[in-house]
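S.K.: Quick one: structure below, then a few questions.
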Amino acid sequence: MSPGGEGGHTLIFSQQKRVQKDTPECGVDCLSNFRKNDDKGPDGEIIRVRLPNKRNREMFASAELMLGANHIRVRCFDGVTRIGRIKGKIKKRVWIREGDVLIVVPWDFQDDKCDIIYRYTRPQVDWLRSRNYL
1 MSPGGEGGHT LIFSQQKRVQ KDTPECGVDC LSNFRKNDDK GPDGEIIRVR LPNKRNREMF
61 ASAELMLGAN HIRVRCFDGV TRIGRIKGKI KKRVWIREGD VLIVVPWDFQ DDKCDIIYRY
121 TRPQVDWLRS RNYL
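Taking the UniProt record's numbering, I'd label the letters of the sequence shown as residues 1 to 134.
Given below as structure tokens:
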């Protein structure tokens with residue numbers, strides 16, 4: 001099993017963020033120079049990106065509509081709209097919102113339904129778009 005979990009491919013990239021800090025003459029950082037919440041982590045932080053495994057029928061999808069009871073309408077990247085079920089492994093750990101990029105696995109016996117197995121974070125989605133995966 002790969003470090004990304006569930007047999008998918010995993011790519012690693014380094015998140016380089018430049019933060020310009022101006023220190024006053026006294027040498028003490030001012031409150032206005034602190035980083036914002038979206039810049040968490042040190043510069044050069046390593047982030048793992050899990051890719052869908054085609055052999056396991058995994059594919060990218062985008063969350064369209066929250067239906068309730070752990071079900072979401074998703075638009076898969078093969079052009080089909082499916083009803084996705086959040087697997088119990090990520091149900092309590094990861095909050096999924098409309099517009100999130102996901103990895104789904106279509107069911108073998110009902111093609112209009114699927115299991116949601118992974119949600120990408122914002123830096124991971126930016127990295128996937130820059131590498132033309134999305």
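Just so you know, even glycine gets a beta-carbon here, dropped at the ideal spot from N, CA and C.
(1) DSSP beta-bridge partners for A61?
(2) Please say whether V74 and G84 have beta carbons closer to each other than 7 Å?
(3) Alpha carbon to alpha carbon, how far is D78 from I103? Give it in angstroms, no decimals.
(4) Just how far apart, CA to CA, sit I46 and L128?
(5) Note the first and the last residue of the continuous alpha helix (DSSP H) segment covering I116.
(6) Could you pull out every residue in the same chain whose Cβ sits closer than 8 Å to the Cβ of P42, ignoring the five residues on either side in sequence?
(7) Any idea what DSSP makes of V49, helix, strand or coil?
M.R.: Once the coordinates are examined:
(1) C76 and L102
(2) yes
(3) 12 Å
(4) 15 Å
(5) Per DSSP, I116 belongs to no alpha helix (DSSP H); it is in the beta strand (DSSP E), K113 to R119.
(6) In this prediction, P42 has a pLDDT of 48, which is less than 50 and means its spatial position is unreliable; what the coordinates show is noted afterwards. None.
(7) strand
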